[in-house]
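*Asks:* As numbered in my numbering, residues 72 to 225 make up the sequence shown, in order.
All C-beta atoms, glycine included, are put in the ideal place defined by N, C-alpha and C.
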Amino acid sequence: FDVGLPPVSGEISELLEPYLRLEDHPLHSFRQNVTSVKCPRDVKSLLEVNATQLPLIIKVKRNPATGQLISYYEAETSSNVETPHNSLSLNRAPGRKTDGLKGSSANLPFWPGGFDEEKKLREATNKLGALEIDKDEAELFHELFEKGKDLTIL
């Protein structure tokens, strides 16, 4: 014995069709809808400027020994200063579409991430040269090896 769906859905569509086809139905009259819906007008709200949020990113705090996730925290970024002209970072905003893949000839020179400037490199080498190494400690080697590293040439 198959009962099936109740005949309600067919009857409702038959009842609603003549009602929705009425030409003077308020649903179809544009003018009537505009006058019946009153919206408050606040022109001053168009002139308000809200400060944008600070550029924040979510960082992860981990246990340095195990790498286990401890918590999340928001960190402020300085990516608003980074442009395609001075940064290769993937976190910065992209450049203009007109620049294409080749970029622009007006890109400013910069040191890529991880490389120190020449001045800092020179200072670091000068500090290394100023180290005084004893002759006894100049040759480093392990007991099991015949030769070691000779530091007298530094």
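Under DSSP, the beta strand (DSSP E) around L140 begins and ends at which residues?
*Replies:* Element bounds for L140: L140 to E147.
*Asks:* I'd like to know whether the C-beta atoms of E147 and I129 end up nearer to each other than 9 Å.
*Replies:* No, the Cβ-Cβ distance between E147 and I129 is not below 9 Å.
*Asks:* V131 bridges to which residues according to DSSP?
*Replies:* According to DSSP, V131 bridges with Y143.
*Asks:* Which of helix, strand or coil does DSSP assign to R193?
*Replies:* In this structure, R193 counts as helix in the three-state DSSP scheme.
*Asks:* K132 and S142 look like a contact to me (Cβ under 8 Å); what is the Cβ gap, rounded to whole Å?
*Replies:* Right, their Cβ atoms sit about 5 Å apart.
*Asks:* Helix, strand or coil for T169, going by three-state DSSP, please let me know.
*Replies:* Correct three-state label for T169: helix.
*Asks:* Identify the continuous alpha helix (DSSP H) that holds L118 and give its terminal residues.
*Replies:* Element bounds for L118: K115 to L118.
*Asks:* Report the rounded CA-to-CA distance for D46 versus V120, giving the unit in angstroms.
*Replies:* It is not possible to answer for residue 46, since the shown part of the chain is limited to 72 through 225.
*Asks:* May I ask you to report which of helix, strand or coil DSSP gives E89?
*Replies:* Residue 89 is actually Pro in this sequence, not Glu. Three-state DSSP puts P89 in a helix.
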